[in-house]
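Numbering (my numbering), first residue to last: 394 to 557.
Idealized CB from N, CA, C, for every residue including glycine.
What follows is a short report on a single structure.
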Amino acid sequence: MIRPLAALAVLALLTGSAVAQDAAAPAPPAATDIVIDPAASLDTTPKQANMLTGFYATQAVIELCAVPIEPAIAEGMAADRVRLETALSMDAAAAAKAYGLVKADVEKTTPDCAEGSADRLGVDAVTAIYADLAAPAPAAPAPAGTVAPAAEAAPAAEAAPAAQ
């Protein structure tokens, strides 16, 4: 009696796995249709060009509002301006023309030169970056095991008399 039950169990196991193998695999998802709009505009401006345009706008506000800038900050800004212009392969004439165009656009917007205005806050944010870069690094602490120079000792005549 055990043989027929064992045969049925083996048959059930074999047919179960065969049925599982024959089951249809799920259909792959339908391909999405990609539509290209030939009239759409794409921003292909290099990052350096966008940075330089913003930089020119900041410098224009500084000039138009006569914002005082520390020499170290002005030097750092000038170095970055040259670096960006060089990265974009601009010669001096092209850079001057580009700055003139951006400055003219800034003049059309009549920047608000009042302290605390959005235009001045933008200038302050940029100059703060350069101020942080121009700030001298704090003095490094003396290495362990070195002795700091002692202060000059007070003359012996001024020393307090010893207790007796």
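{"Check": "Could you spell out where the alpha helix (DSSP H) holding Met444 opens and where it closes?", "Outcome": "Lys440 to Leu457"}
{"Check": "With a threshold of 8 Å on Cβ separation, who are the neighbours of Leu481 within its own chain once the five nearest residues in sequence on each side are excluded?", "Outcome": "Pro439, Gln441, Ala442 and Leu445"}
{"Check": "Apart from the five residues just before and just after Leu526, which ones in its own chain have a Cβ nearer than 8 Å to its Cβ?", "Outcome": "Gly469"}
{"Check": "In the DSSP assignment, the alpha helix (DSSP H) including Leu526 goes from what residue to what residue?", "Outcome": "Ala511 to Ala527"}
{"Check": "Hey, quick one: how far does the alpha helix (DSSP H) through Glu387 stretch, first residue to last?", "Outcome": "Outside the shown range of the chain, which is 394 to 557, sits residue 387, and nothing can be said about it."}
{"Check": "Check whether the stretch 493–506 and the stretch 461–478 touch, using three or more Cβ-Cβ pairs below 8 Å as the test.", "Outcome": "no"}
{"Check": "Can you confirm whether the stretch 474–491 touches the stretch 504–523 when touching is taken to mean that 3 or more C-beta pairs between the two stretches lie within less than 8 Å?", "Outcome": "no"}
{"Check": "Tell me which same chain residues have a C-beta within less than 7 Å of the C-beta of Ala453, skipping the five on either side of it?", "Outcome": "Val495, Lys496 and Val499"}
{"Check": "Would you mind sorting Thr425 into buried or exposed? The rule is 16 or more other CB atoms within 10 Å of its CB.", "Outcome": "exposed"}
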